[in-house]
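**Q**
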Amino acid sequence: MNKTINVSLGKQFFHIDEEAFIVLKNYLDAIKRYLINEEGRDEILADVEARIAELFSEKLQSEREVVQVHEVERVIKIMGQPSDYKVEQEDDTYTNTQSETYSNRQNTQQSTGKKFYRDEEKNLLGGVCAGLAHNFGIDILWMRILWMVLFFLSYGTFTILYVVLWIVVPAARTTAQKLAMMGEPINISNIEKKVKENAEKATNYAKNFDYEKAAQNGKSTVTRFVEQLTEILSKVANVLVKIIGFILVFIAGLSLVGMFISFISFGSISFLNIADFNLSNEGPFVFEAPVWLQMLTFFCIAATPVYFLFLAGLKIINHKLKLFKLRTVVILLALWFLAIAYVSFLGIKKGISSNSIGEIVEIQELPMQTSDTLSIKMIPNLTFAESIYRSSSNQIKYDSSTEEDILVGTSIYFAVQPTTDSIPKIRVSKKSTGSNNKEGRLNASQIDYQFKLNKNELLLDSYFTSDISLKDEDLKLNIILYLPENMHFKTDKYVSTFEDYKYHKFVNLNVNSNDVYQIQNTELICTTCTKNEPKTENHE
Amino acid sequence: MKLENTQAQMRKGVLEYCILSILKRDDAYVAEILESLKAAKLIVVEGTIYPLLTRLKNADLLEYRWEESTGGPPRKYYALTQEGETFLEALSQTWNDLQFAVKNITEYKTPNHE
Numbered sequence: 001m002n003k004t005i006n007v008s009l010g011k012q013f014f015h016i017d018e019e020a021f022i023v024l025k026n027y028l029d030a031i032k033r034y035l036i037n038e039e040g041r042d043e044i045l046a047d048v049e050a051r052i053a054e055l056f057s058e059k060l061q062s063e064r065e066v067v068q069v070h071e072v073e074r075v076i077k078i079m080g081q082p083s084d085y086k087v088e089q090e091d092d093t094y095t096n097t098q099s100e101t102y103s104n105r106q107n108t109q110q111s112t113g114k115k116f117y118r119d120e121e122k123n124l125l126g127g128v129c130a131g132l133a134h135n136f137g138i139d140i141l142w143m144r145i146l147w148m149v150l151f152f153l154s155y156g157t158f159t160i161l162y163v164v165l166w167i168v169v170p171a172a173r174t175t176a177q178k179l180a181m182m183g184e185p186i187n188i189s190n191i192e193k194k195v196k197e198n199a200e201k202a203t204n205y206a207k208n209f210d211y212e213k214a215a216q217n218g219k220s221t222v223t224r225f226v227e228q229l230t231e232i233l234s235k236v237a238n239v240l241v242k243i244i245g246f247i248l249v250f251i252a253g254l255s256l257v258g259m260f261i262s263f264i265s266f267g268s269i270s271f272l273n274i275a276d277f278n279l280s281n282e283g284p285f286v287f288e289a290p291v292w293l294q295m296l297t298f299f300c301i302a303a304t305p306v307y308f309l310f311l312a313g314l315k316i317i318n319h320k321l322k323l324f325k326l327r328t329v330v331i332l333l334a335l336w337f338l339a340i341a342y343v344s345f346l347g348i349k350k351g352i353s354s355n356s357i358g359e360i361v362e363i364q365e366l367p368m369q370t371s372d373t374l375s376i377k378m379i380p381n382l383t384f385a386e387s388i389y390r391s392s393s394n395q396i397k398y399d400s401s402t403e404e405d406i407l408v409g410t411s412i413y414f415a416v417q418p419t420t421d422s423i424p425k426i427r428v429s430k431k432s433t434g435s436n437n438k439e440g441r442l443n444a445s446q447i448d449y450q451f452k453l454n455k456n457e458l459l460l461d462s463y464f465t466s467d468i469s470l471k472d473e474d475l476k477l478n479i480i481l482y483l484p485e486n487m488h489f490k491t492d493k494y495v496s497t498f499e500d501y502k503y504h505k506f507v508n509l510n511v512n513s514n515d516v517y518q519i520q521n522t523e524l525i526c527t528t529c530t531k532n533e534p535k536t537e538n539h540e
Numbered sequence: 001m002k003l004e005n006t007q008a009q010m011r012k013g014v015l016e017y018c019i020l021s022i023l024k025r026d027d028a029y030v031a032e033i034l035e036s037l038k039a040a041k042l043i044v045v046e047g048t049i050y051p052l053l054t055r056l057k058n059a060d061l062l063e064y065r066w067e068e069s070t071g072g073p074p075r076k077y078y079a080l081t082q083e084g085e086t087f088l089e090a091l092s093q094t095w096n097d098l099q100f101a102v103k104n105i106t107e108y109k110t111p112n113h114e
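Printed below as a string of structure tokens:
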């Protein structure tokens, strides 16, 4: 059983099924909306209704028969979709606006310039940005981004300007003001258009509102209060989320710009061979690949997630933006993974290339009287280092004597050991990494280290030099001084800086260079120290 | 550039011309005009015609009168006005020129067909 409704359609009377009525009503309403700016809308609708009535009566056997849904659908099929009623496509809106501006030119008393009003219909806060955007004829989003940028650049002082504008600039309330804000000429047809649009909006709103009102009447004050509170909170949350979106866009945008600039500058410098970054072992360009390629790779790795953050921020600000195109996303992700894979490959390659250590050992006797006290001194090179210390990293220095760059290392480990021989000996072990032992040894042989015996003074360089091609290898020098038992020796204060703690029994030499040591029964004894006890006790 | 837009534009001008031509022969009400247009396959759905008719009427090219019908409410009978006839003559001239021009151009482009 179905309810039927009596309708008058094109001055004719019909019984119509309730469901069919709804379909027909929606259809007519849709046409009405499509023809919103059409001059003779009511007349057209009357004609359409008359025609529909005619089509109904053709089919109906008697006046008592009820119009069913399928009948309405048949008629709609004949009449066409609402969009078919619009004869003109977008090109006609162009001619429309043209004729409007034309007519406006004739009515010279009207101003064509835009006026600055706040747009409270598209506001986020006071509608200042929206108003400015209309005034400058740009999208609101850009105006808001500009404001955010100015806000950050000015450390927040632009907030004051915003508030001032909020207070000073009037909101566009009347139709004339709204038209002036948009820069549309204020003439009757435009006002009518605007009013019609608003009326349409208002009716729709009223329709929905009635239901809500009716529903709300049954609710208690508390529920209503809670609902209002929720609404306010959700609005606040909405604003907060948008602010987060702005911050995201701002930060990500700046990072992208920064990364891009550094990529362009470093990358192009390397690519054009203006400067050779390979000489430097500072920074991230440690791999054996052109710097511009490494730069591009790092740029990809770093910029891709930031770019997505940027898009996410834009999306938060405006839900309607369609930013994530599948193809772009896939390409970017693929590039990103490719870059990561490339860096991993370079890293592994570098790891493999330096995993073997080659060693070259030189042993030299020190011809001197064992009764003399041996004085051990570390000699710095002030050209290569401003202070004397041990460092495991190599440094590239300019050697003014040869006018060439030179690699300087201070990774020197010094130790004293006892020997049963009657004459002191010095053992210098040079170590270097390489892709295999042979290469490591070859690298080690390039390490240049000098020491000399001057009467009873042993002068050890506090550095070694090498070819700059070894800048990425781990270079290391072990010096062991073998002294006969009971031979006296003393060290200067720098020696302790280079002590090799592997031989802990013989370290912790006093920094006081006046103290004299000696090795007795494989123990290190300080003969002049005030406490006069074996230094080794400290370690036991 | 959408095909539908171009087609709609082409059809729109022709449609106005045809409606006026139909009404030049004899006064007619909407269903009769629709019949002719449908028979010539110039329109598929009827909805298109109503805004056009109203516009032509508002432009004073058409006028209408109410006439009693046998078994229903009175019908709107459309007729050409004096202005409409002048307009139609101008359109006919344009149409002939256009037809000639289009024929010339399209046939020149495909000489193989002759």
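If you're matching them up, the sequences are chains F and E in order. The numbering of the first sequence is UniProt numbering, which starts it at 1 and goes up by one. The numbering of the second sequence is UniProt numbering, which starts it at 1 and goes up by one. Glycine included, each C-beta is placed from N, C-alpha and C at the ideal position. Model, not experiment: these values are computed from the prediction.
#1: Give the residues of chain E in contact with F/Lys32, contact being defined as C-beta atoms less than 7 Å apart.
#2: Answer yes or no: does any C-beta atom of chain E fall closer than 8 Å to that of F/Arg224?
#3: Grouping DSSP H, G and I as helix and E and B as strand, with all else coil, what is F/Thr527?
#4: Interface residues of chain E around F/Lys11 at Cβ under 7 Å?
#5: Could you tell me the boundaries of the alpha helix (DSSP H) in which F/Tyr398 lies?
#6: For F/Met487, is the classification buried or exposed, using 16 other Cβ atoms within 10 angstroms of its Cβ as the cut-off for buried?
#7: Is the shortest distance between the beta-carbon of E/Asn58 and the beta-carbons of chain F less than 8 Å?
#8: Can you find a CB in chain F that lies within less than 8 Å of the CB of E/Glu46?
#9: Strictly below 9 Å CB to CB, what residues from chain E border F/Val48?
#10: Have a look at F/Lys502, F/Gln369 and F/Val343 and flag the residue whose alpha-carbon is nearest the alpha-carbon of F/Thr297.
#11: Taking 7 Å as the limit between beta carbons, can you name the residues of its chain near F/Lys122, skipping five residues before and five after?
#12: Smallest Cα separation from F/Gln294: which of F/Leu256, F/Ile251, F/Ile244 and F/Phe345?
#13: For a cutoff of 8 Å on Cβ pairs, would you count F/Ile22 as touching chain E?
#14: Determine whether the beta carbon atoms of F/Val164 and F/Arg118 lie at a separation below 8 Å.
#15: If you measure from the beta carbon of F/Glu43 to each beta carbon in chain E, is any gap under 8 Å?
#16: Between the Cα of F/Gly253 and those of F/Ser265, F/Leu125, F/Ala199 and F/Leu314, spot the shortest distance and give me the residue it belongs to.
#17: Hey, F/Ile360 and F/Arg427: beta-carbon distance below 8 Å or not?
#18: Within 8 Å (strictly less), CB to CB, does E/Val30 reach chain F?
#19: List the residues of chain F whose Cβ lies closer than 8 Å to the Cβ of E/Thr86, in chain order.
#20: Determine the DSSP secondary structure at F/Asn454, reduced to helix, strand or coil.
#21: For the beta strand (DSSP E) containing F/Phe298, name the first residue and the last one.
#22: Using DSSP bridges, identify the partner residues of F/Gln364.
#23: What whole-angstrom Cβ distance do F/Ala415 and F/Ile480 have, given they're in contact under 8 Å?
#24: Going residue by residue through the UniProt domain "Phage shock protein PspC N-terminal" (114 to 171) of chain F, where are the continuous alpha helix (DSSP H) segments of at least 4 residues, counting only ones entirely within it?
#25: Give the DSSP-derived three-state secondary structure of E/Val44 in the structure shown.
#26: F/Pro484 bridges to which residues according to DSSP?
#27: Run through DSSP, which three-state label would F/Gln12 get?
#28: With a threshold of 8 Å between beta carbons, is residue 132 of chain E in contact with chain F?
#29: For the alpha helix (DSSP H) that contains E/Gln7, what are its first and last residues?
#30: How would you write the range of the alpha helix (DSSP H) that F/Gln177 sits in, first residue to last?
#31: Return yes when the Cβ of F/Gln61 is within less than 8 Å of the Cβ of E/Pro73, no when it is not.
#32: Is it buried or exposed for F/Met1, if we count other Cβ within 10 angstroms and need 16 for buried?
#33: Alpha carbons only, please: which of F/Leu311, F/Ser429, F/Val23 and F/Asp492 is nearest the one belonging to F/Lys325?
#34: Against E/Thr54, what residues of chain F qualify as contacts under a CB-to-CB distance less than 9 Å, listed in chain order?
#35: Take E/Lys20 as the anchor and find which of E/Gly84, E/Lys103 and E/Arg65 has the nearest alpha-carbon.
#36: Around the Cβ of F/Asp84, are there at least 16 other Cβ atoms within 10 angstroms (buried) or fewer (exposed)?
**A** This is what the structure gives:
#1: The premise fails here: F/Lys32 is roughly 12 Å from chain E at the closest Cβ pair, so nothing lies under 7 Å.
#2: no
#3: coil
#4: Pro73
#5: It is not in any alpha helix (DSSP H) - F/Tyr398 instead sits in the beta strand (DSSP E) that spans Gln395 to Asp399.
#6: buried
#7: yes
#8: yes
#9: Glu46, Gly47 and Tyr50
#10: F/Val343
#11: Ala130 and Ile140
#12: F/Phe345
#13: no
#14: no
#15: yes
#16: F/Leu314
#17: no
#18: yes
#19: Those do not exist, as E/Thr86 stays about 22 Å from chain F at its closest Cβ, beyond 8 Å.
#20: strand
#21: That residue, F/Phe298, is in no beta strand (DSSP E); its alpha helix (DSSP H) goes Val291 to Ile317.
#22: F/Ile426
#23: 5 Å
#24: 128 to 136, 140 to 153 and 158 to 168
#25: coil
#26: F/Thr419
#27: strand
#28: Lying before the first or after the last residue shown, residue 132 of chain E is absent from chain E, which here runs from 1 to 114.
#29: Leu3 to Arg25
#30: Thr175 to Met182
#31: no
#32: exposed
#33: F/Leu311
#34: Glu38, Glu39, Gly40, Arg41, Glu43, Ile44 and Asp47
#35: For the record, residue 20 of chain E in the displayed sequence is Leu; it is not Lys. When only C-alpha atoms are compared, the closest one is E/Gly84.
#36: buried
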